[in-house]
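K.L.:
One structure, as C-alpha cells, below. Some questions next.
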Amino acid sequence: MQPRRKTIGLALSGGGANGMAQIGVLKALEEEGIAADIIAGTSIGAIIGGLYSAGYSAAQLEELALELPWDELLSLDSGDRRKNFFLEQRKIRDRATIAIRFDGFKLKLPRSLSSAQNLTRTLDLLCINAPYHPRRSFDDLPVSFRAVSTDLVSGERVTIDRGSLSLAMLASSTVPVLFEPVEIGDRKLADGGLVANLAVDELEHAGAEYKIAVDTRGSMYTVADDIDVPWKAADQAMTILIRLQYPEQLKQADAVIAPDVEHNTALDFSDIPGLIEAGYRSGRTLARKIRNETTIPARGTTPLEGYSTSLAIRGLPAGMQGPAAEAGSIIRNAATAEEALKALLETDSFTSVHAVENPETGLMRFVAAIPPIFERVEVDGPEDGPSRAAVDSCFAPITGRPYRNRDGSDALEALTALYRRNGMSLVSPGDIHVSDRTLRITMTDGRPGPLLITRNRGITSPELIEREIGFDSTSALSLADVRRTINNLDGTGAFNRVSIGVNADGQNTGGRSPLLVNVDEKSPSVLRLGLRYDQTYKAQALVDFRNENVNGTMNSIGGWAKISEHNNRLNLEYYIPRIGSTSLTFMTELYYEHVKRNLRTLRFYDSFFPGDRNDTEIAPERYTVQRYGLSSAFGARIGRNGHLLFDATLQNARTMTDEISPRHEEDNNNIATAGVEFTLDNRDNSYLPTSGRYIHIHYSLAPSFLNRRTFWTFEAEHEENIAINDETTAQLNLRVGLSDPGTPFSEMFFAGGSGSPYSFGFAGLKENDLAGHNILLGKASLRYSPDFDLIFPSSFQLSYHLGETWEDALSSDALIHGIGAGITWETPLGPAQFSATKAFRFDGDADSYLRFAESVFYFSLGHEF
1 MQPRRKTIGL ALSGGGANGM AQIGVLKALE EEGIAADIIA GTSIGAIIGG
51 LYSAGYSAAQ LEELALELPW DELLSLDSGD RRKNFFLEQR KIRDRATIAI
101 RFDGFKLKLP RSLSSAQNLT RTLDLLCINA PYHPRRSFDD LPVSFRAVST
151 DLVSGERVTI DRGSLSLAML ASSTVPVLFE PVEIGDRKLA DGGLVANLAV
201 DELEHAGAEY KIAVDTRGSM YTVADDIDVP WKAADQAMTI LIRLQYPEQL
251 KQADAVIAPD VEHNTALDFS DIPGLIEAGY RSGRTLARKI RNETTIPARG
301 TTPLEGYSTS LAIRGLPAGM QGPAAEAGSI IRNAATAEEA LKALLETDSF
351 TSVHAVENPE TGLMRFVAAI PPIFERVEVD GPEDGPSRAA VDSCFAPITG
401 RPYRNRDGSD ALEALTALYR RNGMSLVSPG DIHVSDRTLR ITMTDGRPGP
451 LLITRNRGIT SPELIEREIG FDSTSALSLA DVRRTINNLD GTGAFNRVSI
501 GVNADGQNTG GRSPLLVNVD EKSPSVLRLG LRYDQTYKAQ ALVDFRNENV
551 NGTMNSIGGW AKISEHNNRL NLEYYIPRIG STSLTFMTEL YYEHVKRNLR
601 TLRFYDSFFP GDRNDTEIAP ERYTVQRYGL SSAFGARIGR NGHLLFDATL
651 QNARTMTDEI SPRHEEDNNN IATAGVEFTL DNRDNSYLPT SGRYIHIHYS
701 LAPSFLNRRT FWTFEAEHEE NIAINDETTA QLNLRVGLSD PGTPFSEMFF
751 AGGSGSPYSF GFAGLKENDL AGHNILLGKA SLRYSPDFDL IFPSSFQLSY
801 HLGETWEDAL SSDALIHGIG AGITWETPLG PAQFSATKAF RFDGDADSYL
851 RFAESVFYFS LGHEF
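Numbering (UniProt numbering), first residue to last: 1 to 865.
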C-alpha cells in the first residue's frame with residue numbers, strides 16, 4: 001500500500017547534450033520522494049527515460065553519463081568497427097576512399113552519414129543488462145515508458161510502447177541525415193523531435209493525472225559561421241522545428257522544469273557535470289510544489305478526539321520494538337484517522353495499514369503489517385552465480401530486523417546487480433517468500449526465450465544469421481554472448497546496423513525473455529573507389545566492384561583494378577569468410593600485375609649536404625616485373641583478428657629490363673608454390689594505429705617436382721603500437737626476410753621509400769634502394785596527435801630505421817640507418833603524408849666515420865592499394 005496521490009507523468013525532451021540536465025531533475029525528484037508512474041521521452045529524453053524506466057537510478061545514470069564516450073557514440077566515423085571485420089574484409093575497406101552501393105543496377109544513395117552502430121550497440125548492452133526487462137509491453141517496467149518518434153514516410157508521430165526497448169530509444173533519437181532511420185515494420189522511424197520534442201500530450205493519453213514537462217532545448221546558433229558542418233546545420237533545423245511545437249505542449253503541463261542550459265549547444269558534451277547540476281537545481285526548486293500538488297486529500301475525515309487508540313503490528317516478533325514506537329507517536333499526534341494512516345504509509349515501514357472504528361467502545365484500533373523479518377537468506381540460482389558472502393552483503397542491512405519496503409527492494413536489486421556484474425543479463429528474482437525465518441529466493445535461470453530475426457530487405461538467409469548467434473537457449477544468456485553476437489553479425493559486412501534486445505511483444509513466453517535480432521541489411525553490390533599520389537608511382541586509381549552477400553550467403557565475389565602509369569594490377573576474387581558454422585575460410589584470386597621498378601646504386605658521402613660532390617651520379621636501372629596467375633588459400637580464422645592459412649599459387653613471373661648492364665638478368669619463370677601463413681592484426685587503424693599489434697609470418701616453397709627452379713622464401717613482421725597517453729603513440733617494428741639463393745628476382749625482398757605493396761618503407765632511401773635475397777629491418781617511431789587541427793586532424797612523427805639486405809652473411813658494418821620527421825593529415829581523400837628523411841651509415845674504413853646519403857623527401861595522398 002502507498003499513500004494515495006495523483007499518478008505522475010514525466011515528459012523528457014530532446015536537446016542533445018543539454019538533455020543530460022534531465023538526470024539532475026530525476027535526482028532532485030528522487031530526493032523529494034516523487035516517483036514517476038510514466039515517462040514519455042523524445043530523443044535524448046527517450047534514452048534517459050528508457051534507462052530510468054528499466055531500473056537505472058539517477059545516480060547510476062549520472063555515472064553512465066560521465067563514463068560514456070559521447071563523441072565516439074555520436075560520431076559519423078564508424079572506424080572502430082574495423083576490429084569486427086575479418087582480415088580480408090579489412091584490406092578491402094582500408095584501401096578505398098568512397099563506397100557506392102547498388103540495388104541491382106540502380107544506384108543506391110546513402111540515406112545517412114552514419115549507421116549509428118556505435119550508439120546502437122551501447123544502448124543494446126545497457127538495456128540487456130538493466131535491472132528490469134519488459135515482458136508484454138513497456139508498461140511492465142517499474143515506470144511505464146513511451147518513446148516518441150517520427151515516421152519519415154508519412155510524417156506522423158509514432159509512439160512506441162512495446163518491442164525492443166533499446167530499438168525504441170534509438171528510433172526516437174536518430175537524427176535524420178546524420179544517422180540511418182530505424183525500420184520497425186513498414187515504418188522508417190527517426191528523431192521524435194521532428195513532431196513532438198516535448199510530448200506532454202502522451203502523458204495525457206497514458207492516463208497521467210499530473211504532468212511534468214522537462215524542457216532542455218538549449219540554445220540556437222546565433223552566428224552564421226558557427227554552422228560550418230552538416231550536423232550543425234541539422235541541429236539548427238531541429239531546433240527551429242522544436243520551437244514551433246512548444247507553446248501547445250507547455251499549456252498541457254501542470255509543472256514545467258526548465259534547467260538553465262541556454263549557454264550550451266546540443267552538440268557540446270564538454271560539461272556534463274555542469275548540465276546535471278543545472279537540472280538538479282531546477283528540480284529542487286519545484287520539487288516541494290510538485291509533491292504538494294500531487295497529494296490527494298482524504299475522501300473523509302474521522303476525528304480521533306474522543307477515541308482511545310491501540311496499535312497492532314502484524315509480523316513483529318515479541319520483544320522487538322522496531323517501527324512500533326514511531327507508529328505510536330504518529331497516531332498520538334494525528335488529528336484524524338486518515339491523517340494517521342497516510343503518515344504511517346509514508347514511513348515506508350509497513351506493507352499495509354488500516355483502522356477499525358468501534359463507536360460503542362470508543363476504541364480506534366490501528367492495524368499495520370510489516371515486511372517479513374528473516375534471519376537467513378537462501379538463494380537458488382545458476383551455479384556460477386555470486387558468492388555466499390556477496391549475497392549476504394546485499395541483505396545484511398535488513399537481516400534480523402524490521403526494514404522499509406524500499407530497503408527490501410534495494411536488497412533485491414543489489415542481488416540482481418551481482419548477477420549482472422557476473423554477466424548474467426536475464427537472471428532475476430522469481431519466487432520470493434519467507435518461511436522458518438529464512439528468506440528464500442529462487443532466481444530465474446536466465447535462459448533466453450524465443451529468437452525473432454527481422455530483416456529489412458530479406459536478402460540474407462536467416463539460417464546464416466543464426467549461425468553468427470553466440471548463444472543458445474540451453475544456458476543463461478551473458479552480456480559477453482550478446483556483445484559477441486553483435487560483433488559477429490556486424491563483422492559479416494552485410495549489415496548497416498545490428499541490434500539485439502529483449503522483445504516485449506505481448507506474447508506469453510512462459511516467463512522467458514524473447515530476444516529480437518534486428519538487422520538493417522546493406523545492398524550487396526558495392527563499388528569502391530580510391531585515389532593515390534606519391535612521387536614514385538605518381539597518380540594511381542583504384543576501382544573495386546563486388547557483391548558482398550552472394551545470394552544471401554555472406555560470401556563475396558568481385559574484382560578490383562589498380563591503374564597508373566607505373567604499376568597496374570587486375571584481380572578477380574572469391575571469398576568465403578566462414579564455411580558453414582565452422583571457423584574455416586577459403587579465398588581464391590586470379591590476378592595480373594605489371595610494375596615498373598627503379599634500382600639505384602646507393603651512394604654515401606662524407607658531408608651531410610653532399611651538393612658540391614664531383615663524382616658522377618649513376619643512373620638507376622629500370623626493370624619491369626610482370627605476373628599473372630591463380631592463388632588460393634584455405635585455413636582457419638583465429639577470432640576476428642587472425643588466421644592460419646595454407647596457400648597454393650600458380651603463376652608466371654617475368655622480369656624485363658631496358659638497361660645494357662642490369663644488376664639482375666631478364667627472367668621468365670613458371671612458378672608453383674605452396675605455403676603456410678599466420679596473420680594477427682588487432683590494430684585500431686591500419687595507417688595511424690594508436691593501439692594493437694600486427695604479426696605476419698609466411699613460408700613458401702617452390703618444390704623441384706613442380707618447378708624448373710627450386711627455392712623457398714620466409715618472411716616475418718611484428719609491429720607493436722603502444723599508447724603512451726591520449727595524444728602520443730610509440731611504434732616498434734621488426735621485419736625479417738630470408739630466401740634461397742636461387743630465388744628469382746621477382747620474389748626477392750625490396751626496401752626503401754615511404755612504403756608500398758612492392759617495397760618495405762625505409763626512411764632516407766628511395767623505393768627499391770635495397771634489394772636482396774635476405775633482409776632485416778627495424779623501426780622505432782613516435783607519433784603525436786594533438787587535439788587541435790591544422791586544417792585537418794594532424795599527426796607529427798619522428799622515426800628511426802635500421803636495416804640492410806645481404807646475400808651470404810649480414811655484417812654489422814653494412815647496416816644502414818635512417819631518420820625522418822613528418823606530418824600526416826587525415827583528409828577526406830585519405831591520409832596526406834609529408835616527411836623529410838636522411839640515411840647514414842658508420843664506416844670504419846673511410847676517412848669520415850659517419851657517412852650520409854642524399855636527403856629524401858616523401859609525399860603521398862590517399863590510401864595505399
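In this text, a Cβ means the ideal position worked out from N, Cα and C, and glycines have one as well.
Just curious, the alpha helix (DSSP H) that Gln60 is in, first and last residue?
P.N.:
First-last of the alpha helix (DSSP H) with Gln60: 58-67.
K.L.:
First and last residue of the alpha helix (DSSP H) that includes Thr285?
P.N.:
Taken as a continuous stretch (DSSP letters only), the alpha helix (DSSP H) holding Thr285 covers 272-294.
K.L.:
Short check: CB of Ala541 to CB of Ser564, under 8 angstroms?
P.N.:
In contact: Ala541 and Ser564 (Cβ atoms closer than 8 angstroms).
K.L.:
For Glu589 and Leu527, I'd like the C-alpha separation in whole angstroms.
P.N.:
Computed Cα separation, rounded: 18 angstroms.
K.L.:
For chain B, check one thing: does any of its Cβ atoms lie closer than 8 angstroms to the Cβ of Leu850?
P.N.:
This model lacks chain B altogether; it includes just one protein chain.
K.L.:
Return the chain-ordered list of same chain residues with a C-beta closer than 6 angstroms to the C-beta of Tyr699, the five sequence neighbours on each side being excluded.
P.N.:
Cβ within range, chain order: Gly675, Val676, Phe714.
K.L.:
Measuring alpha carbon to alpha carbon, tell me which of Gly446, Val856, Pro371 ends up nearest Gly408.
P.N.:
Closest by alpha carbon: Pro371.
K.L.:
So Asp124 and Ile500 are supposed to be a Cβ contact under 8 angstroms. How far apart are they, rounded?
P.N.:
The pair is a contact, with the Cβ atoms about 5 angstroms apart (cut-off 8 angstroms).
K.L.:
Whole-angstrom Cβ separation of Arg34 and Leu203, contact assumed at under 8 angstroms?
P.N.:
One detail in the question is off: residue 34 reads as Ile in this sequence, not Arg. Not a contact, Cβ separation roughly 15 angstroms.
K.L.:
For Gly822, tell me which candidate among Leu815, Ile373, Leu782 has the shortest Cα-Cα distance.
P.N.:
Selected option, being the one with the closest Cα: Leu782.
K.L.:
Can you tell me whether Pro297 is buried or exposed? The criterion is at least 16 other CB atoms within 10 Å of its CB, across all chains shown.
P.N.:
By the neighbour-count rule (16 or more Cβ atoms within 10 Å), Pro297 is not buried but exposed.
K.L.:
Just reading off the alpha helix (DSSP H) that Arg440 is part of, what are its end residues?
P.N.:
First-last for Arg440: 438-443, but that is the beta strand (DSSP E), not the alpha helix (DSSP H).
K.L.:
With distances taken between CB atoms, is the gap from Tyr623 to Met656 smaller than 8 angstroms?
P.N.:
Yes, Cβ-Cβ distance for Tyr623 and Met656 is below 8 angstroms.
K.L.:
Need the endpoints of the beta strand (DSSP E) that Arg4 sits in, please.
P.N.:
Where Arg4 is concerned, there is no enclosing beta strand (DSSP E), given that its DSSP letter is neither H nor E.
K.L.:
Whole angstroms are fine: how far does the CA of Leu815 sit from the CA of Met748?
P.N.:
Going by the C-alpha atoms only, they are around 19 angstroms apart.
K.L.:
Can Ala255 and Ile212 be called in contact, C-beta distance under 8 angstroms?
P.N.:
Yes, these two residues count as a Cβ contact at 8 angstroms.
K.L.:
Quick one: what does DSSP say Met656 is sitting in, helix, strand or coil?
P.N.:
Met656 falls in the strand class under three-state DSSP.
K.L.:
Under the DSSP definition of a beta bridge, which residues are partnered with Arg146?
P.N.:
Partner(s): Ala40.
K.L.:
For the 8 angstroms Cβ check, are there 3 or more pairs between the region 7-16 and the region 42-51?
P.N.:
Touching, yes, given that three or more Cβ pairs across the two stretches are closer than 8 angstroms.
K.L.:
May I have a chain-ordered list of the beta strand (DSSP E) segments no shorter than 3 residues that lie completely inside the region 301-348?
P.N.:
Runs found: 308-314.
K.L.:
Please report the Cβ distance between Thr174 and Asp191, rounded to the nearest whole angstrom; I am assuming they are in contact, meaning their Cβ atoms lie under 8 angstroms.
P.N.:
Right, their Cβ atoms sit about 6 angstroms apart.
K.L.:
Tell me the rounded alpha-carbon separation between Asn555 and Ser581.
P.N.:
In a straight line, the C-alpha of Asn555 is about 13 angstroms away from that of Ser581.
K.L.:
Tell me whether Ala414 sits in a helix, a strand or coil according to DSSP, three-state version.
P.N.:
In this structure, Ala414 counts as helix in the three-state DSSP scheme.
K.L.:
If you pair each beta-carbon of the region 469-477 with each one of the region 435-450, do three or more pairs fall below 8 angstroms?
P.N.:
Verdict: yes, contact present.
K.L.:
Per DSSP, Asn733 is paired with what?
P.N.:
Answer is Glu719, Lys779.
K.L.:
If you draw a straight line from the alpha carbon of Ser794 to that of Ala480, how long is it in whole angstroms?
P.N.:
About 36 angstroms.
K.L.:
Output the distance between the C-alpha atoms of Ile23 and Arg157, rounded to the nearest integer angstrom.
P.N.:
Cα to Cα, Ile23 sits roughly 25 angstroms from Arg157.
K.L.:
Determine the direct distance from the alpha carbon of Tyr574 to that of Gly635, and round the result to whole angstroms.
P.N.:
Taking the straight line joining both Cα atoms gives about 15 angstroms.
K.L.:
Report yes if the CB atom of Ser75 is closer than 8 angstroms to the CB atom of Glu180, and no otherwise.
P.N.:
It is not a contact, given that the beta carbons lie outside the stated cut-off.
K.L.:
Tell me the rounded alpha-carbon separation between Gly16 and Arg217.
P.N.:
Distance between the alpha carbons of Gly16 and Arg217: 8 angstroms.
K.L.:
May I ask you to list the residues that DSSP assigns as paired with His698?
P.N.:
Beta-bridge pairing links His698 to Glu677, Glu715.
K.L.:
So Met364 is in the beta strand (DSSP E); what residue range does that whole segment cover?
P.N.:
363-369 is the extent of the beta strand (DSSP E) around Met364.
K.L.:
In this structure, how does DSSP classify Lys106 when only helix, strand and coil are distinguished?
P.N.:
It is a strand residue.
K.L.:
Would the region 482-502 count as touching the region 81-94 if we require 3 or more Cβ pairs under 8 angstroms?
P.N.:
Touching, yes.
K.L.:
Contact defined as beta carbons within less than 8 angstroms: I believe Ala780 pairs with Tyr758. What is the distance between those atoms, to the nearest angstrom?
P.N.:
With a Cβ gap of about 24 angstroms, Ala780 and Tyr758 do not count as contacting.
K.L.:
Using a Cβ-Cβ cutoff of less than 6 angstroms, which residues in the same chain neighbour Asn669 once the five nearest sequence positions on both sides are dropped?
P.N.:
Hits under 6 angstroms: Ala653, Pro744.
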